[in-house]
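Numbering (our numbering), first residue to last: 20 to 246.
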């Protein structure tokens, strides 16, 4: 029965709060106490603006989320979760190239030899995906961003899919028995050889409370020029 959640911290704290608030449809507002705070609405010096929320002078911005499932070789869903930013498949703490196959529906798209692969929402496009060379996407767009991490190829490029797509990423790595799936840098799952990750648009949304009129591109310019 909570009306709203105020989050004091950086982007990691906001991500964790979003994962807890989204199933209840509870809106959140972030006050940046971290370094960049890209998802925070307010800086510490702007805390007085929060009175606008109490007065009803605010807007709600819905951000799309990922629904992520691990499907076993027999076709059964073994684990599932959701993410606001991204789902990343990597070799964990061991720096070795892995082999992954990407499909959309039943159509093969690409095979990657890389350090891993990231599937991000537009919200997550300015996080891990951007650092790996992916596109920066306006959060008003409805899409998935697929970015290979350090691919051992001259032709592997980031891809953009509509969020009506159902993506599958299969672990076909022969050298490694098990890889790791990480959601929003928080939840970790083991992904065994022959299993695949199925990613689609989640029915859940993260609701951000907006008090200021500055848009995505103003914040992008400000935050990306900060240390």
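No residue lacks a Cβ here, since even glycine has one placed at the ideal position from N, Cα and C.
Subject >> Candidates 73, 78, 99, 102, of which the one nearest residue 231 by Cα >> reply: 78
Subject >> Under the three-state DSSP convention, the category residue 122 falls into >> reply: strand
Original post:
How many angstroms separate the CA atom of residue 168 from the CA atom of residue 151?
Top reply: Their backbone Cα atoms lie some 6 Å apart in a straight line.
Original post:
Beta-carbon separation of residue 220 and residue 34 under 8 Å?
Top reply: no
**OP:** Use the C-beta contact count for residue 70: other C-beta atoms within 10 angstroms, 16 or more gives buried, fewer gives exposed.
**Re:** exposed
Original post:
Under 8 Å, do residue 47 and residue 24 count as touching if we go by C-beta distance?
Top reply: yes
Original post:
What do you reckon, are the CB atoms on residue 208 and residue 157 nearer than 8 Å?
Top reply: no
Subject >> Outcome for residue 67 when other beta-carbon atoms lying within 10 angstroms are tallied against a minimum of 16 >> reply: exposed
Original post:
For residue 133, which residues of its own chain have a beta-carbon under 8 Å away from its beta-carbon, when the five flanking residues on both sides are left out?
Top reply: 116, 117, 119, 167, 168, 169, 170, 171, 172, 175
Original post:
Using the rule of at least 16 other Cβ atoms within 10 Å of the residue's Cβ for burial, across every protein chain shown, is residue 143 buried or exposed?
Top reply: buried
**OP:** Would you mind working out which of 103, 123, 83, 88 sits nearest residue 36, comparing C-alpha positions?
**Re:** 103
Subject >> Classification of residue 141 by the beta-carbon crowding that lies within 10 angstroms, buried from 16 upward >> reply: buried
Original post:
Under the three-state reduction of DSSP, which class applies to residue 247: helix, strand or coil?
Top reply: Missing from the structure shown is residue 247; the chain here goes from 20 to 246 and no further.
**OP:** Look at the Cβ atom of residue 60, then the Cβ atom of residue 227, and state whether they are nearer than 8 Å.
**Re:** Cβ distance < 8 Å, so residue 60 and residue 227 count as in contact.
Original post:
residue 105 by DSSP, collapsed to three states: which one?
Top reply: strand
Original post:
Got a sec: is the Cβ-Cβ distance from residue 170 to anything in chain C below 8 Å?
Top reply: The chain inventory of the structure shown lacks chain C, comprising one protein chain alone.
Original post:
If you drop the 5 nearest sequence neighbours on each side, which residues of the same chain put their C-beta closer than 6 Å to that of residue 19?
Top reply: Outside the displayed range of the chain (20 to 246) lies residue 19, so it cannot be described from this structure.
**OP:** Select from 109, 75, 240 the residue whose C-alpha is nearest the C-alpha of residue 229.
**Re:** 75
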